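Notes follow the structure.
Numbering (this note's numbering), first residue to last: 167 to 521.
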């Protein structure tokens, strides 16, 4: 019989692995009163759920293997809409009700911080922590003094493009065991793909794609950076459609599973998927984020039009099915034991409403 300790170790290994992020592209278009964020999710698996995460929930970060520090504890200050492939609380990205957008991408180089006195949150849960806790890029940047991102075992390095309703953006990377932030003057273009930002920026300035360009990362960055740097809202009648057009320019063919556009100013989300090209939208102003009502979810590949009122109650069974399906279609996760999936699926139920 598998021991409880053995199950926990397998869970942590699985959580490190599910932070796939893969070959993705993000950008933030700002001009005048237009503030649009675009994201392609490029991966081998297209399953997923859109989840309504509630404000007022107290949470304790999932424990990490070999960590001697303390897992972070927090209370969600903001509700959010997230896109989840490997279960609730471990989103690929999303937007909260204050207009903060957080999205993640894989990057081949980097190193997370070593254990110190700060409480930690695992890299797969970091996005949800940010969406739960902060309303602005400034707050996210300042949070480095109170939270540490950790990762153990094997799994891809990741970096993030974060944008907010004030018009600010930042790239967050982990290099040499420290968090590196580009924002303001150090971030001349609001674009990110799968190469370290400084390297991508150098190639963009030189207008030259390197001989070896894994996943066409730099090529995608240059295309998106050209578009973001020259964006003029006065010349664009439909900014959301314009953003989808740009996402199409940096698509990775059948690897592009989800295309998402956030209208940050108006707190709206638009998306379509490779399995369902019908355009869908969510208006955050129509969503109930109180933890006194059930968490909601909906299949990312279903529906059409405005789906703000199409969510159904979240269940442990639905979360487990989502995780099981996604793990089963992911080569390096397909042999994860059922007991491990059970633990990951049940983890969100540890959060308590204290609104």
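Using N, Cα and C, we set each Cβ at its ideal position, and we do this for glycine too.
Every value quoted in this text rests on a predicted model; they were computed, and no experiment measured them.
- Residue environment: residue 259 is assigned as buried (16 or more neighbouring CB atoms within 10 Å of its CB, all protein chains considered).
- Going by beta carbons, residue 235 and residue 283 fall inside the 9 Å limit.
- Runs of the beta strand (DSSP E) lying entirely within the stretch 205-247, each at least 3 residues long, are 215-219, 223-226, 239-241 in chain order.
- In terms of Cβ geometry, residue 520 and residue 224 form a close pair [threshold 9 Å].
- DSSP places residue 371 in the uninterrupted alpha helix (DSSP H) bounded by 363-372.
- Excluding sequence positions up to five before and after residue 333, its CB lies within less than 7 Å of the CB of 196, 201, all in the same chain and listed in chain order.
- In the structure shown, the three-state DSSP call for residue 333 is coil.
- Here the C-alpha atom of residue 206 lies approximately 6 Å from the C-alpha atom of residue 424.
- Sequence-distant Cβ neighbours of residue 417 in its own chain, meaning closer than 7 Å and more than five residues away, are 206.
- For residue 310, the CB contacts under 6 Å within the same chain, skipping 5 residues up- and downstream, are 345 in chain order.
- In this structure, the beta-carbon distance from residue 263 to residue 453 falls below 9 Å.
- Residue pairing from DSSP places residue 272 in a beta bridge opposite 324.
- If you ignore the 5 residues before and after residue 492, its C-beta comes within less than 7 Å of the C-beta of 211, 213, 251, 252, all in its own chain and listed in chain order.
- DSSP places residue 444 outside any alpha helix (DSSP H), giving it a letter other than H or E.
- For a cut-off of 8 Å, the C-beta gap from residue 238 to residue 313 is around 6 Å, short enough to register as a contact.
- Burial is judged here by how many other beta carbons sit within 10 angstroms of a residue's own beta carbon; residue 482 has fewer than 16 and is exposed.
- Excluding sequence positions up to five before and after residue 331, its CB lies within less than 6 Å of the CB of 265, 430, all in the same chain and listed in chain order.
- For residue 423, the secondary structure class from DSSP, reduced to helix, strand or coil, is strand.
- With a cut-off of 8 Å on Cβ pairs, the stretch 461-471 is in contact with the stretch 437-453, counting three or more such pairs.
- Collapsing the DSSP output to three states places residue 501 in coil.
- Within the same chain, and ignoring the five residues on either side of residue 401 in sequence, no residue has its Cβ closer than 8 Å to its Cβ.
- Residue 248 is positioned such that its CB atom lies closer than 9 Å to that of residue 217.
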